[in-house]
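Participant: Just so we're aligned, residue 9 is where the sequence shown starts under my numbering, counting upward by one. A virtual CB, placed ideally from N, CA and C, is assigned to each residue, including glycine. Structure below; questions to follow.
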Amino acid sequence: MNIVEVRLTPVAFADPPLLNAAGVHEPWALRTIVEVDCGDGLVGLGETYGDLPHIELLRRVAPLVVGVDPFATSRILEIVRAELGATDAPDRHGLTGVSTPEKTALRVFSPIEVACLDLQGQLTGRPVHDLLGGAVRDAVPFSAYLFYKYAAHPGAGSDPFGEALTPDQIVAQARTLIDRYGFGSIKLKGGAFPPDQELDAMRALRDAYPELPLRIDPNAAWTVETSQRVAREMVGILEYLEDPTPGLAGMAAVADVARELGMPLATNMCVVAFEHLPEAIARDSVQVVLSDHHYWGGLRQSARLAGICQTWGIGLSMHSNSHLGISLAAMTHLGAALPELTYAADTHTPWQLGADVVESPLPIVDGAVRVPTTPGLGVTLDRDALARMHEDYVKCGLTERNDAGYMRTFVPDFEDVRPRW
Ligand SMILES: [Mg+2]
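Shown next as structure tokens:
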């Protein structure tokens, strides 16, 4: 049973105007659905970024894995590395730090690996988490991921979430998400407004939810000095401070202060490839790494990252970009199989407003996704939805994410400058 075809389908789904340090989300988020087909109706599913430069790399690799056994993922990784060589394609899909040739290869390999694991699970009758060592938990906790946001995209009606620009509106957003999904921890995407304004929102969240762990992620929008001040002011409020400032040296300088305060620093920007780990460990720049199988190279490479973190006493959390139900299933299987995952994972799922390419998306109940026990990933492609969402991709005309450019429709002189404050 070998791979006979790899199909790539770019899709788009509506995305609310969510703010971050780089600008604001455009009306459409892009993803690519990857189907690894072994014939006889046997298809494995993967999901990855939808920016065109990434799709072009996937298109180069897809025909090269035809004829390969879906259990031979190490060989597939070698094929991807050999084809892409020194290709270093910058990330055009979100705030996931610098790129390197190895990170580029792992990013292209990832959805194929996930699809192969889905196939392996179907062929062996086992859920994907069983292929990763088995589940250590029955449900994987996710956090309420709050965003500053405008009420609506220009010319569109307000979305169900409405405006969130003040501390009261951020607390109301938390209430909406927690009431609906039962989340047991809260993350605020910061870096959109001056830090003191965002600290007011964090204090309002702490007052509203004194029992819940809180995090803020300004995506490197703050200087070292600002980050050190924020760390002092947020003692006792944050479970971790995520990417306050750019770079391993800057983070190490903040960590010197944060360590005394007992506040871990987390990252999905300055440690985003295995080659970043030695310097990060030597400098003690970060105490928590947010894994993300989409750029760490799939589920097994993410488990390898977890092992390195465990060896060096670094905590493990999980990062998210706008995504659909195949990614949520993959994140859930991975989270189930990693004893090292001690924090609730991030997810953008509530912001999709129900749009999905799978027939029955895994639900978030009591702040967690129950780990599927059916063979493979445990999700089925909804081919009508896939066709519809591909049409939306073609119609929307976007080919890569550009939060800064879109921000200029709201703030004409906006520049993505970091650190800003
Ligand atoms: Mg982050």
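#1: Could you say if the segment 189-206 and the segment 374-388 meet the contact criterion of at least three C-beta pairs nearer than 8 Å?
#2: What does DSSP give as the partner residues of MET271 in its beta bridges?
#3: Going by the CB atoms, is the gap between PRO383 and GLY129 shorter than 8 Å?
#4: Could you tell me whether any non-hydrogen atom of ligand 1 is closer than 7 Å to the CB of ASP176?
#5: Using only the alpha-carbon positions, how far apart do ASP479 and SER107 sit?
#6: Answer yes or no: the CB of ASN28 versus the heavy atoms of ligand 1, is any distance below 7 Å?
#7: The alpha helix (DSSP H) spanning PRO61 covers which residue range?
#8: Measure how close the beta-carbons of ALA274 and VAL243 come, nearest whole angstrom, since I'm counting them as under 8 Å.
#9: Whose beta carbon lies closer than 7 Å to any heavy atom of ligand 1, going through the chain in order?
#10: Measure the alpha-carbon distance for ALA263 versus ASP292 and round it to whole angstroms.
#11: Mapping the DSSP letters down to three states, classify SER299 as helix, strand or coil.
#12: Let me check understanding here. Comparing Cα to Cα, which of GLY105, PHE117, THR350, ASP59 lies closest to ILE87?
#13: What separation, rounded to the nearest whole angstrom, lies between the Cα atoms of ASP91 and VAL136?
#14: On the three-pair Cβ rule with 8 Å, is the segment 144-154 touching the segment 361-369?
#15: Check PHE8 in the structure and name its three-state DSSP category.
#16: Could you check how far apart the C-beta atoms of LEU222 and ILE186 are, in whole angstroms? I think they sit under 8 Å.
#17: Where GLY315 and MET339 are concerned, what is the direct C-alpha to C-alpha distance, given to the nearest angstrom?
#18: Does the count of Cβ pairs from the segment 340-347 and the segment 47-67 closer than 8 Å reach three?
#19: Figure out for me which residue from VAL144, PHE418, ASP424, TRP429 has the closest Cα to the Cα of ALA159.
#20: Would you decide whether TRP320 is buried or exposed? Buried here means 16 or more other CB atoms lie within 10 Å of its CB.
#21: Check TYR401 in the structure and name its three-state DSSP category.
#22: Please classify VAL279: is it buried, with 16 or more other beta-carbons within 10 angstroms of its beta-carbon, or exposed?
#23: Is it true that the segment 18-28 meets the segment 381-397, where meeting means three or more beta-carbon pairs spaced less than 8 Å apart?
#24: Could you tell me the distance, in whole angstroms, from the CA atom of GLU287 to the CA atom of LEU256?
#25: Per DSSP, which residues does PRO149 bridge with? Please list them.
#26: Going by alpha carbons, who is nearest to HIS301 out of ALA239, ARG39, LEU114, PRO24?
#27: Tell me the rounded alpha-carbon separation between ASN276 and GLN236.
#28: Using the beta-carbon count (16 or more within 10 Å), is ARG15 buried or exposed?
#29: According to DSSP, which residues form a beta bridge with PHE117?
#30: Have a look at PHE282, VAL296, HIS341 and flag the residue whose alpha-carbon is nearest the alpha-carbon of LEU307.
#31: DSSP three-state label for GLU86, please.
#32: Among VAL265, THR381, VAL238, which has the Cα closest to the Cα of ASP138?
#33: When the distance is taken between beta carbons, is VAL296 closer than 8 Å to SER330?
#34: How far does the alpha helix (DSSP H) with VAL232 in it extend, from its first residue to its last?
#35: Can you look up VAL14 in the DSSP assignment and give me helix, strand or coil?
#36: Would you kindly work out how many angstroms separate the C-alpha atoms of GLU13 and ASP77, rounded to a whole number?
Facilitator: Reading off the structure:
#1: In this structure the segment 189-206 touches the segment 374-388; the number of beta carbon pairs closer than 8 Å is three or more.
#2: Answer by DSSP bridge pairing: none, since MET271 is not bridged.
#3: Yes, they are a contact pair.
#4: Checking the 7 Å criterion, the Cβ of ASP176 is out of range of every heavy atom belonging to ligand 1.
#5: Residue 479 falls outside the range modelled here, since the chain spans only 9 to 429, and no answer is possible.
#6: Every heavy atom of ligand 1 is 7 Å or more from the Cβ of ASN28, so no.
#7: For PRO61, the uninterrupted alpha helix (DSSP H) segment begins and ends at 60-69.
#8: At roughly 16 Å, the Cβ-Cβ gap does not stay under 8 Å, so ALA274 and VAL243 are not in contact.
#9: Environment of ligand 1, chain-ordered: LEU103, ASP225, ASN227, GLU250, ASP251, ASN276, MET277, LEU298, HIS327, taking every residue with Cβ within less than 7 Å of a heavy atom.
#10: The straight-line gap from Cα to Cα measures roughly 7 Å.
#11: SER299 carries a strand assignment under DSSP once its states are collapsed to helix, strand and coil.
#12: The option with the nearest alpha carbon to ILE87 is PHE117.
#13: It is Glu, not Asp, that sits at residue 91 in the sequence shown. Put simply, the backbone Cα of GLU91 is about 27 Å away from that of VAL136.
#14: Flag = no, the segment 144-154 and the segment 361-369 do not touch.
#15: Outside the displayed span of the chain (9 to 429) sits residue 8, for which this structure offers no information.
#16: Rounded to whole angstroms, the Cβ separation of LEU222 and ILE186 is 12 Å, and the two are not in contact under 8 Å.
#17: Rounded to the nearest angstrom, the two C-alpha atoms are 17 Å apart.
#18: Verdict: no, contact absent.
#19: It is PHE418 whose Cα lies nearest to the Cα of ALA159.
#20: Exposed.
#21: Note: TYR401 maps to helix in three-state DSSP.
#22: Burial call: buried.
#23: Touching, yes.
#24: C-alpha of GLU287 to C-alpha of LEU256: approximately 8 Å in a straight line.
#25: BP columns for PRO149 point to ALA376.
#26: Relative to HIS301, the option among ALA239, ARG39, LEU114, PRO24 whose CA is nearest is LEU114.
#27: The straight-line gap from Cα to Cα measures roughly 19 Å.
#28: Exposed, by the Cβ-count rule.
#29: BP columns for PHE117 are empty, so no partner.
#30: When only C-alpha atoms are compared, the closest one is HIS341.
#31: In the structure shown, GLU86 sits in a helix (DSSP, three-state: H, G or I).
#32: Ranking the options by Cα distance to ASP138, first place goes to THR381.
#33: The answer is no: Cβ separation not under 8 Å.
#34: Per DSSP, the unbroken alpha helix (DSSP H) holding VAL232 starts and ends at 232-241.
#35: Reduced to three states, the DSSP call for VAL14 is strand.
#36: CA-to-CA, the gap between GLU13 and ASP77 works out to about 12 Å.
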